[in-house]
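Trainee: What follows is a single structure, and I will ask about it in a moment.
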């Protein structure tokens, strides 16, 4: 059974002095909420395998879905290939991502926010993933010091995810990278302030060059070199510092 923080009701189901229970000081609770296995090893001195799930409790992930903000695409996975004719933008539900100002369409949420787009490329069999997000605000975590004074413990970013969509080449076809470049240019034209576009390492030189020629700043970003990106993701999710539109496919 995975280690977890018990609710008061769960605690009452255990016998008194149960060896399965560990009382934790309130001051240490954030460490256990962020990474319970690491906290058990490093703070409590209890042996715990260094290999474990990124999120031990799936409820933590479900709690960050914004069910009031649906996926702005008509389909969870879009068929995009060299032989298909519709652009990616044709699959957008405009009312979910744009605001109709009467004379033009503008970004519906956080129109002045700097955006970053990350693209996880594939060629034919696997999905290509595209996500656009940004920092919508900064959140202060406040507490008290030893003499009872209110202090700011930390300032963390609030992440707003505009969308995360999968592209899949139809059978016998390949992902059309030019359609991806056209889609990103379309987003910029519609008023999204795209600060950076990043790619994973797979076959990304060609698509990167397309975007550079179109005036975008691009870079490679691999999340598999260190565990830092995963720790950051776990931190923002566990603290509910991220707003993600509901997606049945991702759930």
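Residue numbers (the working numbering): 2 to 252. The C-beta atom is built at its ideal place from N, Cα and C for all residues, glycine as well. Bear in mind that the values here come from a model prediction, so they are computed numbers and not experimental data.
1. Could you give the first and the last residue of the continuous alpha helix (DSSP H) run that contains residue 265?
2. Counting only runs of 3+ residues fully inside the segment 165-247, write out the beta strand (DSSP E) ranges in chain order.
3. Taking buried to mean at least 16 other C-beta atoms within 10 Å of its own C-beta, is residue 116 buried or exposed?
4. So residue 30 is in the alpha helix (DSSP H); what residue range does that whole segment cover?
5. How do the segment 166-180 and the segment 125-136 stand: do at least 3 beta-carbon pairs fall below 8 Å, yes or no?
6. Is DSSP giving residue 65 helix, strand or coil here?
7. From the DSSP output, in three-state form, read off residue 16 for me.
8. Determine whether the beta carbon atoms of residue 217 and residue 195 lie at a separation below 8 Å.
9. Let me know the secondary structure DSSP gives residue 141 once reduced to three states.
10. Which of the three DSSP states is assigned to residue 40 in this structure?
11. List the whole-angstrom C-beta distance separating residue 100 from residue 74, where the pair is believed to meet the contact cut-off of C-beta under 8 Å.
12. Measuring straight from C-alpha to C-alpha, what distance separates residue 182 and residue 212?
Mentor: Reading off the structure:
1. Here the chain has residues from 2 to 252 only, and residue 265 is not among them.
2. 194-200, 219-221, 243-247
3. buried
4. 30-35
5. yes
6. coil
7. coil
8. yes
9. strand
10. helix
11. Rounded, the Cβ-Cβ distance is 17 Å, inconsistent with contact.
12. 6 Å
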